[in-house]
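> Just passing along the structure, written as structure tokens.
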Amino acid sequence: MSALGKHQAAAPVHTIEGASAGLNVAAFNPDSPAALPPIFLIHGFASSIDLNWVKSGWVAALNRAGRRVLSVDLPGHGQSAAPVDLDSYTPGKIRADLLQVLIDEGVRPLRDGDPTSGVDLIGYSLGSRLAWEFGATQPELVRRMVLGGPNPHDPLADFDLAAAQNFLNDGTPIADASTAWLLNMAQLVPSNDIFALLAMVQAIKLEPFDPTDAVPKMPILLVAGDQDERARSMTRLAELSGRAEQRVIAGRTHENTVTSREFKDAAIAFLS
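Each residue of the sequence shown is one higher than the one before, counting from 428 in the working numbering.
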């Protein structure tokens, strides 16, 4: 991947059960490492490492804070492969792939007396859903989490697949505003494989998000813009967690909260 910054480190080849997972993985190392675990960034639907984390300034800010940064393009996104099998896009399979990536990158289980053990997670939008479930199922690995634009109700579950496919086939207008917005957002990114993203939507519908199924027990920071409906609904996640702090960013929407300096500063402080 080009233009990811001078601190990007060469990443190992990641295999799942002996086969290449086709995932584009990036590691960014700071000039002066802090005695803290690496931070793993999980981007949102129709985004990528480059869009969600590099161009928005996250990687540079975290490296300046001394943090090693790891990230991955989700299947069908960025420079990752777009598999033909639906299973590759299910949240459960993606979480298994992310776990293997972290193991390959040398992340070790949390250990008393070793401040560099484990990993911190930062997720945005769909990445927050994946991080919530990952933290709940891998408590021995995840130290802390920051979830941006989180939602206890997965908006992709209501995505109108048939309407999206009709629009792509013959231009039939999409009645559902959320579906139209998500599809338009996906089409704005040249590297996206639209049909792979529709496969991801279909796969997510097979595994709808229920945050009560498994609740992460580590400290969590929940962040949303005050013009994002998630600023209201994320309170439900805070109640479930019992160990969550909430931060609302003034004047920000779901689309632009991720670029906020206030968000970055709050995340860095929380994960320090």
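Glycine is no exception: its CB is placed at the ideal position from the N, C-alpha and C atoms. Here the structure is a predicted model, which is why all the values come from computation and not from measurement.
(1) CA-CA distance, Gly576 and Asp541?
(2) According to DSSP, is Arg535 part of a helix, a strand, or is it coil?
(3) Note down, in chain order, each residue of its chain lying with its Cβ closer than 8 angstroms to the Cβ of Ser493, except the 5 sequence neighbours on either side.
(4) Using the beta-carbon count (16 or more within 10 Å), is Leu648 buried or exposed?
(5) For Ala430, collect the residues of the same chain with a Cβ closer than 8 angstroms to its Cβ; drop the 5 residues on either side in sequence, then sort them by chain order.
(6) According to DSSP, Tyr551 sits in a beta bridge with which residue or residues?
(7) Taking three-plus beta-carbon pairs below 8 angstroms as touching, is the stretch 505-515 in contact with the stretch 611-625?
(8) Closer than 6 angstroms by C-beta to Ala504: which residues in its own chain qualify, once you throw out the five before and the five after it? Chain order, please.
(9) Verify whether the separation of the beta carbon atoms of Pro518 and Glu634 is less than 8 angstroms.
(10) Using the beta-carbon count (16 or more within 10 Å), is Arg679 buried or exposed?
(11) Rounded to a whole number of angstroms, what is the C-alpha to C-alpha distance between Asp581 and Leu624?
(12) What's the gap between the Cα of Glu666 and the Cα of Asn596?
(13) Could you tell me if Arg659 is buried or exposed, where buried requires 16 or more neighbouring beta carbons within 10 angstroms of its beta carbon?
(14) Going by DSSP in three states, Ser498 sits in which element: helix, strand or coil?
(15) Cα separation between Ala437 and Gly533?
(16) Taking 8 angstroms as the cut-off, decide whether the C-beta atoms of Ile676 and Thr684 are in contact.
(17) Is the CB-CB distance between Met661 and Tyr516 below 8 angstroms?
(18) Based on the DSSP secondary-structure assignment, which residues constitute the bridge partners of Arg674?
Result, derived from the coordinates:
(1) Here residue 576 refers to the residue found at position 149 when the sequence shown is read from its first residue. Here residue 541 refers to the residue found at position 114 when the sequence shown is read from its first residue. Looking at the two C-alpha atoms, the distance is approximately 31 angstroms.
(2) The residue labelled residue 535 in the question sits at position 108 within the sequence shown. DSSP places Arg535 in coil when its eight states are reduced to three.
(3) In the sequence shown, counting from the first residue as 1, residue 493 sits at position 66. Going by the sequence as given, residue 493 is Gly instead of Ser. Same-chain partners within the cutoff: Pro457, Ser459, Pro460, Ala461, Leu463.
(4) Along the sequence shown, read from residue 1 onward, the residue named residue 648 stands at position 221. By the 10 Å Cβ count, Leu648 comes out buried.
(5) Residue numbering aside, residue 430 sits at position 3 when the sequence shown is read from its first letter. Residue confidence is low: Ala430 scores 38 on pLDDT, short of 50, so the model does not pin down where it sits. Its coordinate-derived value is still stated next. Within its own chain, the residues whose Cβ lies closer than 8 angstroms to the Cβ of Ala430, once the five positions on either side in sequence are excluded, are Asp477, Val481, listed in chain order.
(6) Counting from 1 along the sequence shown, the entry for residue 551 is found at position 124. Tyr551 is bridged to Gly575.
(7) Yes, the stretch 505-515 touches the stretch 611-625.
(8) Reading the sequence shown from its first residue, position 77 is the one you call residue 504. As written in the sequence, residue 504 is His, which differs from the Ala given in the question. For His504, same chain residues with a beta-carbon under 6 angstroms away, outside a window of 5 residues either side, are Ser475 in chain order.
(9) Translated into positions along the sequence shown, residue 518 becomes position 91. Translated into positions along the sequence shown, residue 634 becomes position 207. Going by C-beta atoms, Pro518 is nearer than 8 angstroms to Glu634.
(10) Mapped onto the sequence shown, residue 679 falls at position 252. Arg679 comes out buried.
(11) As a working mapping, residue 581 is identified with position 154 in the sequence shown. As a working mapping, residue 624 is identified with position 197 in the sequence shown. One C-alpha to the other measures close to 15 angstroms.
(12) Within the sequence shown, the letter at position 239 stands for residue 666. Within the sequence shown, the letter at position 169 stands for residue 596. Our two residues, Glu666 and Asn596, have alpha carbons roughly 43 angstroms apart in a direct line.
(13) For the purposes of this step, residue 659 is taken as residue 232 along the sequence shown, with counting starting at 1. When all chains shown are included, Arg659 counts as exposed.
(14) Here residue 498 refers to the residue found at position 71 of the sequence shown. If DSSP states are grouped into helix, strand and coil, Ser498 belongs with the strands.
(15) In the sequence shown, counting from the first residue as 1, residue 437 sits at position 10. In the sequence shown, counting from the first residue as 1, residue 533 sits at position 106. For Ala437, the predicted model reports a pLDDT of 47, less than 50, meaning its position is unreliable and no value from the coordinates is stated.
(16) Stepping through the sequence shown from its first residue, residue 676 is reached at position 249. Stepping through the sequence shown from its first residue, residue 684 is reached at position 257. Yes.
(17) As a first step, residue 661 is located in the sequence shown; it is residue number 234 there, counting from the start. As a first step, residue 516 is located in the sequence shown; it is residue number 89 there, counting from the start. Against a cut-off of 8 angstroms, the Cβ pair of Tyr516 and Met661 comes out as no contact.
(18) Numbered from its first residue, the sequence shown carries residue 674 at position 247. DSSP lists Val650 as partners of Arg674.
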